[in-house]
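Peer 1:
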Amino acid sequence: MTQIRHLTFIFFALFYLCAYSQNNQIPDSENLPSSLMTFFVTSEPIGNGGDLGGLDGADAHCQRLAANVGQGHKTWVAYLSTQTRPGQPAINARDRIGDGPWYHPKERILDYLDRRLSRPLIKSQIHGDTLLEAQTGSNMSKEFALNEFGQIINGIGDPLPTMHAVLTGTHTDGNAININEDRTCNNWTSNSEGHAQYGHTDRTGNGNTSWNSAGTTTGCSQADFESHGGAGLFYCFAIEH
Amino acid sequence: MKLLFQIFILFISFAANTAPFSIDYPMSFFVTSKPIGDGGNLGGLAGADAHCQLLATEVGYGHKTWAAYLSTQYRYAMPAINARDRIGEGPWFNFNGEMIARNLAHLHGDTLELARLGNNMTKQSVLTEKGQIVPGLNDFQENGHNDLDWDYVKNTPNSNRHEVLTGSQPDGTAYMSELDYTCNNWTSNKDPEDYGPMGAAENKPNVQIGFTDRNGGGNGSWNSSHGTRGCSQHSLVRTHGIGMFYCFAIN
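Residue numbers (the working numbering), protein chains in the order written: chain A, 1168 to 1408; chain B, 735 to 985.
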């Protein structure tokens, strides 16, 4: 009987020792998703090329993906512009997303200087509203532009498929592209004819570092997007916090 | 014999494939693969230029004239020198023959349009004279080691070292300030008496840096993101730099 008691004691002692040492490991410095999360790149495309079901369809996609990771209580919109068409005024992506600042899904608690490393996106910085802001840049980087699970989007130098070309339909300043030629896959309703303006999540490619207006696709099918190193992903921002 | 011939043909075709890179677009830009090693004391602009020239010569590019991308500040009636005025007109190509910028305006984003779009300086294109990517943020971390300690970093070639000395503003010009942004015009390896926040402050040795991987400082600027904790070799490492700088071929 005492032997059994001893054994149980040893068993529990070991158990607590294990638990204790696990608790005493270096604390995980990343909460996923961060409760601050107000920005992400869609982990998956809608999958029908440039036909996103219009802005409404794209917004619903953002909302659904955010809800999947427990962030459905915020109002999410896609960072997409639409162009002027008969009976439809242009809509600027930058006017849809609120005022920010926006945090990504990965909350790094403290860095080596005891600061929060995941600094937010500032609206005027990401769009380079002043020359100094445009020259200096923003905190948008490959390691900031994560999907809602906090994962990096495959970019240049990463395993295939590359998915860094992200739909925006937008000029570098965040406004709609004011030309007749299509840059929004017919305001996000076409999966064949047309063109989409895209940015690069890793800020690499096409000889520039634009996150929101690095190039133009040759078409609007899913295959067209893939040939440009994209998959039809887009950016999502939360309007209010 | 036949096999030997096939290998020979294979070799020739490889050589033919890679040749156009180096013939059409010879290297005219690189990051120094190693620092001078005395913190912000580079021996002035002349010392830094000589370092560029030396490293370029080691890889067969000594026939070009190389200049370090560094500014100096107005001191003792000596006029300021702007980094952007030292590096020629471009275009500049990296080790792989990839264009990093067409001209000075493209490099610095002189207009709103150019600045918003950006140049082609990325982690993949900002290469050393040997064609190496510079280890950047989150590339390599060893548990229990401090990558802000020079004694560790100097023997750990893959640890983060993405900060590059420039002493310049985002537009490539010198700071018009009494405060130090250039480690006393690249002659100082001094530290402040006690470490305050990083960046420029009164009587504080300091240098402005940019990022090879465009990642950090809340902005990712390649040439002007933030200051340092001091000008000694140890201090540069305390924010993830080792005292490397950019070199451009003038001609």
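We put the beta carbon where it would ideally sit given N, CA and C, even for glycine.
1) Identify each residue in the segment 850-864 of chain B for which the Cβ-Cβ distance to at least one residue of chain A is less than 9 Å, and report them in chain order.
2) Give me, in chain order, the residues of the same chain whose beta-carbon lies closer than 7 Å to that of B/S922; leave out the 5 immediate sequence neighbours on both sides.
3) Buried or exposed, going by whether 16 or more other CB atoms sit within 10 Å of the CB of A/H1338?
4) Show which residues of chain B have a CB atom less than 8 Å away from the CB atom of A/T1376.
5) Below 8 Å CB to CB, which residues in the same chain sit around A/N1259 once its five sequence neighbours on both sides are set aside?
6) Which class does B/H960 belong to by DSSP, given the choice of helix, strand or coil?
7) Which of the residues in the segment 812-843 of chain B, read from start to end, lie with their CB under 8 Å from any CB of chain A?
8) Quick check: is the beta carbon of B/G901 nearer than 8 Å to any beta carbon in chain A?
9) Please compile the residues from chain B whose C-beta is within a distance smaller than 7 Å of the C-beta of A/L1143.
10) Excluding the 5 residues preceding and the 5 following B/F763 in the sequence, name in chain order all residues of the same chain whose CB lies nearer than 6 Å to its CB.
11) Is there at least one Cβ from chain A nearer than 8 Å to B/L871's Cβ?
12) Does DSSP put A/Q1255 in a helix, a strand or coil?
13) My output table needs one value for A/F1401: the three-state DSSP class, helix, strand or coil.
14) Which residues share a DSSP beta bridge with A/H1367?
15) Starting from A/I1323, find everything on chain B with Cβ-Cβ shorter than 7 Å and list it in chain order.
16) Can you name, in chain order, every residue of its own chain whose Cβ lies under 8 Å from the Cβ of A/Y1187, other than the five neighbours on each side?
17) Do A/D1218 and A/W1355 come within 8 Å of each other at the CB atom, strictly closer than that value?
18) Can you tell me the Cα-Cα spacing of A/E1211 and B/P760, whole angstroms?
19) Keeping to the same chain, check which residues put their C-beta closer than 7 Å to that of B/I821; ignore five residues upstream and five downstream.
20) What residues from chain A crowd round B/G796, counting only those whose CB sits closer than 9 Å?
21) With a 10 Å radius around its C-beta and 16 neighbouring C-beta atoms as the bar for buried, classify B/M812 as buried or exposed.
22) List the residues that DSSP assigns as beta-bridge partners of B/S902.
23) Counting only runs that start and end within the segment 1214-1268 of chain A, where is the alpha helix (DSSP H) found for 4 or more residues in a row?
24) My assumption, with CB atoms under 8 Å, is that A/R1286 sits in contact with B/G952. Please give the rounded CB distance.
25) May I have the straight-line CA-CA distance separating A/I1289 from B/N889, to the nearest angstrom?
26) Considering only the alpha carbon of each residue, which of B/F979, B/N949, B/M978 lies closest to B/Q858?
27) With 8 Å set as the bound, which would you pick, yes or no: does the beta-carbon of A/N1259 sit closer than that to a beta-carbon of chain C?
28) Tell me which same chain residues have a C-beta within less than 7 Å of the C-beta of B/S955, skipping the five on either side of it?
29) Please name the residue in A/K1241, A/G1396, A/G1304, A/H1271 whose C-alpha comes closest to that of A/E1310.
30) Closer than 8 Å by C-beta to A/T1297: which residues in its own chain qualify, once you throw out the five before and the five after it? Chain order, please.
31) Just how far apart, CA to CA, sit B/G781 and B/G824?
32) What span of residues does the alpha helix (DSSP H) with B/I984 cover, start to end?
33) Candidates B/R963, B/H896, B/G777: which alpha carbon is nearest B/Y915's?
34) According to DSSP, is B/W826 part of a helix, a strand, or is it coil?
35) By Cβ distance below 6 Å, which residues in the same chain neighbour A/V1127 in space, the five residues on each side in sequence not counted?
36) Mind pulling the chain A residues with CB within less than 8 Å of B/H883?
Peer 2: Quick look at the numbers:
1) R850, L851, G852, N853, N854, M855, T856, K857, Q858, S859
2) G774, N775, P939, C965
3) buried
4) L851, G852, N853, N854, M855, T856, R948
5) S1248, T1337, G1341, N1342, A1343
6) strand
7) M833, H842, G843
8) no
9) Residue 1143 of chain A lies beyond the residue range present for chain A, which begins at 1168 and ends at 1408; the question has no answer from this structure.
10) W826, N828, I834, F982
11) yes
12) strand
13) strand
14) A/A1332
15) Q858
16) Residue confidence for A/Y1187 is low, a pLDDT of 38 falling below 50, so the modelled location carries little weight and cannot support an answer.
17) yes
18) 41 Å
19) A801, Y803, F982, I984
20) By Cβ distance, chain A contributes nothing, its closest Cβ being about 29 Å from B/G796, past 9 Å.
21) exposed
22) B/A908
23) 1221-1235, 1260-1263
24) 5 Å
25) 38 Å
26) B/N949
27) The structure shown contains no chain C; the protein chains it does contain are A and B.
28) P904, G944, F945
29) A/H1271
30) S1291
31) 23 Å
32) Careful: B/I984 lies outside any alpha helix (DSSP H) and carries neither H nor E.
33) B/R963
34) strand
35) As displayed, chain A neither begins before 1168 nor continues past 1408, which places residue 1127 of chain A out of reach and without an answer.
36) It should be noted that the sequence gives Asp, not His, for residue 883 of chain B. Chain A residues near B/D883: none, gap ~11 Å exceeds 8 Å.
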